[in-house]
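Residue numbering for the sequence shown follows our numbering, starting at 2 and increasing by one per position.
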Amino acid sequence: MSQSTPETTKKQSYSAEEIQVWLVSHIAEQLGVEAKDIDVSQPLDSYGLESAQAMFLVSKAEKLFGFELSPILLWHYPTIETLSQRLAEESKASQSEIFEI
Numbered sequence: 002m003s004q005s006t007p008e009t010t011k012k013q014s015y016s017a018e019e020i021q022v023w024l025v026s027h028i029a030e031q032l033g034v035e036a037k038d039i040d041v042s043q044p045l046d047s048y049g050l051e052s053a054q055a056m057f058l059v060s061k062a063e064k065l066f067g068f069e070l071s072p073i074l075l076w077h078y079p080t081i082e083t084l085s086q087r088l089a090e091e092s093k094a095s096q097s098e099i100f101e102i
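Rendered as structure tokens:
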């Protein structure tokens, strides 16, 4: 007899460093620049990231992280560094919610 268990393998918690690497890679791709040219401490708007590009990035991040992201986060956490830290907190919280069943 098999027992049903919560689906814990579908969501993964990501560290701020992992998220930062992912963001740098995808932002560089969106802008057509090298990842090494992205400074994580500079505001995202200093790179000329357009709103459509930001929305595309948010959509890809939601699929990866498995939780909904508000585009407003980009304004509250304007650098890749601060945004990565906030998303890592969200990722950890999302992961812990699985066990609150």
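Here a beta-carbon is modelled for each residue, glycine too, at the ideal position from N, C-alpha and C. Please read all numbers here as calculations on a predicted model, not as lab measurements.
Is residue 25 near residue 41, with beta carbons less than 8 Å apart? Along the sequence shown, read from residue 1 onward, the residue named residue 25 stands at position 24. Along the sequence shown, read from residue 1 onward, the residue named residue 41 stands at position 40. Going by C-beta atoms, residue 25 is nearer than 8 Å to residue 41.
Once the 5 residues before and after residue 77 are set aside, which same chain residues still bring their CB inside 8 Å of it? To locate residue 77, count along the sequence shown from 1; it is residue 76. For residue 77, where only same-chain residues beyond five positions count, the Cβ hits under 8 Å are 87.
Are the beta-carbon atoms belonging to residue 72 and residue 55 less than 8 Å from one another? Position 71 of the sequence shown, counted from the start, is the residue given in the question as residue 72. Position 54 of the sequence shown, counted from the start, is the residue given in the question as residue 55. Using a Cβ distance threshold of 8 Å, residue 72 and residue 55 count as a contacting pair.
Let me check understanding here. Comparing Cα to Cα, which of 29, 67, 74, 45 lies closest to residue 15? For the purposes of this step, residue 15 is taken as the residue at position 14 of the sequence shown. The option with the nearest alpha carbon to residue 15 is 67.
Using a Cβ-Cβ cut-off of 6 Å (strictly less than) and excluding sequence neighbours within five positions of residue 84, which residues of its own chain qualify? Your numbering for residue 84 matches position 83 in the sequence shown. Cβ contact annotation for residue 84 (same chain, cutoff 6 Å, sequence separation greater than five): 78, in chain order.
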